[in-house]
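Residue numbers (the numbering used here): 4 to 217. Written out below as structure tokens is the structure these notes cover.
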């Protein structure tokens with residue numbers, strides 16, 4: 004049985020289908036969409052009491068830039084899951100820290116399912132070759148899990164990388180809300196990162212140090 008991740012959103016009145024400026028500004032503050040060069044030293048002044056104060060930085064609003072930034076985050080997080088799946092012993096893919104909690108292989112397949120699902124259901128991009136992702140969370144074979152996860156990553160990178168500005172700015176539905184296309188990509192990465200943290204915890208509980216933690 005597949006598990007569903009349904010995020011919670013502010014109540015009606017706190018946003019809507021035309022919240023793009025506010026949302027992108029929030030992403031910029033979070034460091035997701037503002038290029039590192041914009042934080043150059045000469046943009047830092049002194050406020051009251053001599054405290055360092057950053058100059059205002061305009062939010063990035065070009066949809067292609069947003070797409071590429073989000074894809075960069077997606078690629079880095081996906082690489083971490085790939086590395087964890089590589090070093091986790093095959094007999095641990097059915098391990099879970101407790102009853103009723105997702106197992107190791109289930110987490111990896113849950114991520115892959117949502118990689119396919121967000122594009123399919125919210126952006127109208129079908130999975131490759133009609134691949135049926137509905138029940139993949141039951142798979143525990145290490146090599147099969149790794150194969151499907153990598154396929155989901157390639158699918159996202161190829162299909163999202165080809166999205167046009169019009170598609171990214173166009174409206175779609177996400178969890179019953181009207182949003183712009185790029186918001187689906189942000190949700191995709193946000194969902195995965197939650198489970199990256201979970202997977203790191205699972206690895207360490209089994210005495211496995213994440214390969215990138217040197």
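Using N, Cα and C, we set each Cβ at its ideal position, and we do this for glycine too.
Can at least three beta-carbon pairs, one atom from the segment 153-162 and one from the segment 113-121, be found at a separation below 8 Å? In the pairwise beta carbon analysis, the segment 153-162 is classified as touching the segment 113-121: at least three pairs are separated by under 8 Å.
Out of 213, 193, 122, which one is the CA nearest neighbour of residue 157? Per the Cα distances, 122.
If you follow the beta strand (DSSP E) that residue 68 is part of, which residue opens it and which one closes it? That residue, residue 68, is in no beta strand (DSSP E); its alpha helix (DSSP H) goes 66-90.
Residue from 209, 205, 197, 189 whose Cα sits closest to the Cα of residue 74: 189
My understanding is that residue 128 touches residue 183, with C-beta atoms under 8 Å, so please give their C-beta distance in whole angstroms. The beta-carbon separation of residue 128 and residue 183, rounded to 16 Å, does not stay under the 8 Å limit for a contact.
Does the beta-carbon of residue 215 have 16 or more other beta-carbons within 10 angstroms, so that it is buried, or is it exposed? exposed
Can you find at least 3 beta carbon pairs, one from the segment 189-201 and one from the segment 73-89, that sit closer than 8 Å? yes
Go ahead and pull the three-state DSSP assignment for residue 182. strand
What is the DSSP secondary structure of residue 177, reduced to helix, strand or coil? Judged by DSSP in its simplified three-state form, residue 177 adopts strand.
What are the boundary residues of the alpha helix (DSSP H) that includes residue 109? 107-120
Is the shortest distance between the beta-carbon of residue 72 and the beta-carbons of chain C less than 8 Å? The structure shown contains no chain C, having only a single protein chain.
Three-state class that DSSP yields for residue 7 in the structure shown: coil
Proximity of residue 109 and residue 146 at Cβ, strictly below 8 Å: no
Nearest-angstrom Cα separation, counted from residue 173 out to residue 102: Rounded to the nearest angstrom, the two C-alpha atoms are 42 Å apart.
Residue 149 to residue 206 span [Cα, whole Å]: 16 Å
In angstroms, rounded to a whole number, what distance separates the CA positions of residue 70 and residue 76? Residue 70 and residue 76 have their C-alpha atoms roughly 10 Å apart.
Best match in 91, 6, 7 for proximity to residue 210 [C-alpha to C-alpha]: 91
Would you kindly check if the distance between the Cβ of residue 160 and the Cβ of residue 136 is under 8 Å? No; because the gap between Cβ atoms is not below 8 Å, this pair is not in contact.
Does residue 102 come out as helix, strand or coil in the three-state DSSP assignment? coil
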